[in-house]
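Colleague: This structure is in structure tokens; I'll ask about it shortly.
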Amino acid sequence: MKNIFLIIFLVLFISRSNAQDTGSIMSFRGKYYQGNVKLSKNAIAEIVKPVPDAYHEVQRGRSAVTTGWIVMVGLGPAFFGAGIAFNALDIKHNPNNVYVIEGIADIIVLIGYGITKNGIIKIAKGVQIYNSSLKSGAPPNAYSLNFGLTKDGIGFTLRF
167 MKNIFLIIFL VLFISRSNAQ DTGSIMSFRG KYYQGNVKLS KNAIAEIVKP
217 VPDAYHEVQR GRSAVTTGWI VMVGLGPAFF GAGIAFNALD IKHNPNNVYV
267 IEGIADIIVL IGYGITKNGI IKIAKGVQIY NSSLKSGAPP NAYSLNFGLT
317 KDGIGFTLRF
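Each position in the sequence shown, counted from 1, maps to that position plus 166 in my numbering.
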């Protein structure tokens, strides 16, 4: 019985992946793939660059994910450590202050998680915009000439 369900799942998955455009980006369990290649957030940004709306959403999502991680991993434990330090120093203080500081640390971690989750949603929206532009048949910009940082230094890049 399990084998039948597995075969049905595989047939549906394969037929779904074959129906996708070859240039589209697929999402599976929070990871992004183009064909059989797993994409990083930087690679996604490079792929969607010809579609300005999608690129803007992906860039906003990437910066929100980074900011969320900094808040969640940097500031949250810092406040939690301050609460432990207050308790360890045992300076004349109200013991409830430690719980307030640790509560603030918990709230900061939750805020950082919310910012990160919002960034992930923005990246998914950018990918969706990119995929819909491919399906609509409207070609992205035929070419673009940019000046800025490249992987070899500063210079012009021509994309077509």
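Backbone N, C-alpha and C fix where the C-beta goes; we use that ideal spot for every residue, glycine too.
#1: Checking the sheet assignment: what are the DSSP bridge partners for K204?
#2: So, with DSSP's three-state summary, where would you put I287?
#3: Which residue or residues does DSSP assign as beta-bridge partners of I320?
#4: Is the beta carbon of A244 less than 8 angstroms from the beta carbon of V224?
#5: DSSP three-state label for T232, please.
#6: Is it buried or exposed, V239, if we count other Cβ atoms within 10 angstroms and call 16 or more buried?
#7: For the candidate residues W235, T316, I267 and R195, whose alpha-carbon lies nearest to that of Y279?
#8: Are there three or more Cβ pairs, one per stretch, closer than 8 angstroms when the segment 215–232 is compared with the segment 287–306?
#9: In angstroms with no decimal places, state the Cα-to-Cα distance between K283 and I250.
#10: With a threshold of 16 other CB atoms inside 10 Å of the CB of S190, please say whether the residue is buried or exposed.
#11: May I ask which residues mark the beginning and end of the beta strand (DSSP E) holding M192?
#12: Helix, strand or coil for K301? Go by DSSP, reduced to three states.
Modeller: Once the coordinates are examined:
#1: BP columns for K204 point to Y199.
#2: Three-state result, I287: helix.
#3: Beta-bridge partners of I320 (DSSP): L315.
#4: No Cβ-Cβ contact shorter than 8 angstroms links A244 with V224.
#5: T232 falls in the helix class under three-state DSSP.
#6: Counting the other Cβ atoms within 10 Å of the Cβ of V239 gives fewer than 16, which makes it exposed.
#7: Residue W235 is the option with its Cα nearest to Y279.
#8: Touching, yes.
#9: Computed Cα separation, rounded: 28 angstroms.
#10: Counting other Cβ atoms within 10 Å of its Cβ, S190 reaches 16 or more and is therefore classed as buried.
#11: Element bounds for M192: M192 to F194.
#12: DSSP places K301 in helix when its eight states are reduced to three.
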